Each structure stands twice: as C-alpha cells, then as structure tokens.
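> Each residue of the sequence shown is one higher than the last, beginning at 836 in this note's numbering.
We put the beta carbon where it would ideally sit given N, CA and C, even for glycine.
All figures in this text were calculated on a predicted structure; none of them were measured in a lab.
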Amino acid sequence: METPYPNPISPSQTRVGWIGIGVMGAAMAGRLLSAGYSLTIYARTPSKAFPLTSRGAHFVDSPRGVAERSDVVFTMVGHPSDVRSVVLDEGGVLSGLKPGGVVVDITSSHPGLAREIFAAARERGCWAVDSPVSGGDIGARDGKLAILAGGDGGVVEWLSPLFELMGKVTYMGGPGCGQSSKIANQIVVGANLLGLSEGLVFAEWAGLNVRQFMNAIRGGAAGSKVMELFGERMIEKDFKPGGFAEYMVKDLGMGVDVVEGGEDEKVAVLPGAALGKQLFSAMVANGNRHLGTQGLISVIDRINGR
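1) Please state the DSSP three-state secondary structure of Ala984.
2) Give me the DSSP bridge partner(s) of Tyr1006.
3) For Leu923, name the three-state secondary structure that DSSP assigns.
4) From the DSSP output, in three-state form, read off Gly1127 for me.
5) Please name the residue in Asp972, Gly970, Val928 whose C-alpha comes closest to that of Phe1164.
6) Are Thr875 and Arg850 touching if we call contact CB-CB under 8 Å?
7) Just tell me which of Gly1122, Tyr877, Met911, Gly1140 has its CA closest to the CA of Pro967.
8) Should Gly926 be labelled buried (16 or more other beta-carbon atoms within 10 Å of its own) or exposed?
9) In terms of residue numbering, what span does the alpha helix (DSSP H) encompassing Ala1026 cover?
10) Arg899: buried (16+ other C-beta within 10 angstroms of its C-beta) or exposed?
11) Can you have a look at Asn1044 and say buried or exposed, based on whether 16 or more other CB atoms are within 10 angstroms of its CB?
12) Would a C-beta distance cut-off of 8 Å place Gly985 and Gly1011 closer than the cut-off?
13) Relative to the alpha-carbon of Leu1028, which residue among Leu983, Lys1112, Leu980 has its alpha-carbon at the smallest distance?
14) Are the Cβ atoms of Asp972 and Gly1013 separated by less than 8 Å?
15) With a threshold of 16 other CB atoms inside 10 Å of the CB of Glu958, please say whether the residue is buried or exposed.
16) Which residues mark the beginning and the end of the alpha helix (DSSP H) in which Gly1077 is found?
17) As a quick exercise: from Gly1107, Ile1138, Ala1080, Gly1088, pick the residue whose alpha carbon is nearest that of Met1118.
18) Do you know how far the Cα of Ile1132 is from the Cα of Asp1073?
19) Among Asn1020, Val908, Leu983, which has the Cα closest to the Cα of Met1007?
20) In the DSSP output, which residue or residues are listed as bridge partners for Leu874?
21) Let me confirm a value: Val1104 is counted as buried when at least 16 other C-beta atoms fall within 10 Å, else exposed. Which label applies?
22) Using CA coordinates, which residue listed in Ser1016, Thr1128, Leu932, Ala956 is at the minimum distance from Ser897?
23) Straight-line CA distance for Phe1048 to Tyr872?
24) Pick helix, strand or coil for Thr880, following the three-state DSSP scheme.
25) Could you check how far apart the C-beta atoms of Gly852 and Val907 are, in whole angstroms? I think they sit under 8 Å.
26) Just confirm the distance between the C-beta atoms of Pro1076 and Leu1126, as a whole number of angstroms; I'd bet it's less than 8 Å.
27) Assuming Val901 is part of the beta strand (DSSP E), what are its boundary residues?
28) Can you tell me where the alpha helix (DSSP H) with Val858 in it begins and where it stops?
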C-alpha cells in the first residue's frame, strides 16, 4: 500500500525518517520509536545513533538514503545552511523522497528558506512543512513541546498523529509561518532569560536567598515557563544544553538582521532582541557556544566582575 499523504498515518504503515539526533532530536525520535513507528536515521556523527539503533532504528549513510526508505522525513539540524544541504542539495532529502512524501523541518531556520523548500517539494509532487519547536530538552523528553507549523493546513493536520507524540501543534499559516513564529518565540524567550538572569544576580547581590526569592515570585507576574524550565538550573549553574547558546544568536539574528534588498528586508525594529543577540554573542565569544541558553546568567555575572 502506498502510504504517503493523504493516506492515513499509522505505526504499521508509515515509515518515518529522522535527520539530526542531537539533544532534542534524539529525544523526539525516541518517542516515535516507542510508539511503534519504523525509524530510519542519519547523523553526521554515526556514534550518536547508537542509543536509537540499539532500540531498533535503522542507520543509513545519507539524507537521500533516509528519504528513499521513508514516507515522512523530519530534519532537525543546526543552521539554515545545514537545512539547505540535507534537503535541497544533490543527495538531499528531496532527491530521494517519492511523490506524496513529506519533509518536516523542525530546525529553527529562515522563513525564506522554508518557502523555497516548499516550492521545490511541490515541483516533485511532495510536500514540505516548517514546524520548529519550543520547550527545550525537557519538553522533547516529555512530549510537551510547542510545535509551530507552517505549510499546507491539510498536510499539517495529516501529520497530527506524529506531532501529538511530541507535543501540541498549532497551524500558523502558509510556508515560512512556522519559522517566523519560532523567531518571535525566541525573542520572547531571550527577553525572559535576560530578565531572570538579572533578577537572580541582583537578588544575590542584595543578600537574598535566591531560591527563596524565586519561589516567592514564581506565582506572580514575574513567573514564566522560562523560570520553570531554567530557574533552578541557573541558580545551580547547571548549563547543560537543551538548546545551544549559539543557536539563540542565530535565531535572534534572523529577527533583527536586515539584509539590504532581501526578500524579508522589511522587519520590525527590535532593540531588546538586538541587545539579547549581543549578550548571547558574548557567551559565544567567551567560549560557551555549546552551553545551554540558561548560561546567559554567566554573562551578567561576568559583567559584574564575577
């Protein structure tokens, strides 16, 4: 039976591919395996695949190899250049995906690239969805991610059995709208991380018990999901990554950096996001590009001579 869109998705008939098995990608792919889906994976570092292959996933040596064995292929890589390489380049996903197949890019990438991928997929009789996620490593592990999907609404609805294993999907609009939503999401998250960092540093300088302070305010207006996810980690100086600091630089940059004459030249003026990008860039400059975004507090500490 031909299984790609619009035939219903089911563990017994839908073959799933996954490219990019970092901290979040591995957790999300693992949830699909646990639900009984056949999974084919590719990673540039094959050793990272062992936790999944030991549970039954099949490892292949190229993005095209994943697509040839899959009806739906998820990609979760680092940067827009990586997305272009694994999806559009010779030997990429679209070179091996059969008509009716769907490529779902979960990477935080550029809206313009998402639209380009959608158009290229349609030329081949395939479909593309841009659906970046928010919720970090804990959300990926627990299946509680916010999934922001752009593309064809019918295809997004068709993918819901897979999305529901990872979190809650919201259809945001046409191609690129998922990526635009994620950029806006990161602007909010970055501002929250900065406010929490400065609040905790100030509380400590004032001689407060910082954990008591955080517990006192978490139910008020200062409380946030960022505080729930990262507050304790920031107090403990636990900067294990759920999302790398360098990716926050990328995401905020897509919101504030205007390319003259580019398709997305008209953007909002965002002074807070621009400051946030610079502070996360300071993490990168300090050699902490692969620390978690909650490590922003280390920059505030450093500014204060600590």
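To lay it out plainly:
1) strand
2) Ala984
3) coil
4) strand
5) Nothing can be reported for residue 1164, as the shown portion of the chain is limited to 836 through 1141.
6) yes
7) Distances from the alpha-carbon of Pro967 to those of Gly1122, Tyr877, Met911, Gly1140 put Met911 closest.
8) exposed
9) Looking at the DSSP string, the run of the alpha helix (DSSP H) that includes Ala1026 is 1012-1040.
10) buried
11) exposed
12) yes
13) Lys1112
14) no
15) exposed
16) Careful: Gly1077 lies outside any alpha helix (DSSP H) and carries neither H nor E.
17) Of the listed residues, the one whose Cα sits closest to Met1118 is Ala1080.
18) 11 Å
19) Measuring from the Cα of Met1007, the nearest candidate turns out to be Leu983.
20) Val851
21) exposed
22) Leu932
23) 45 Å
24) coil
25) 7 Å
26) Contact between Pro1076 and Leu1126 holds: their C-beta atoms lie close to 6 Å from each other, under 8 Å.
27) Taken as a continuous stretch (DSSP letters only), Val901 belongs to no beta strand (DSSP E), being part of the alpha helix (DSSP H) at 898-903.
28) Start and end: 858-869.
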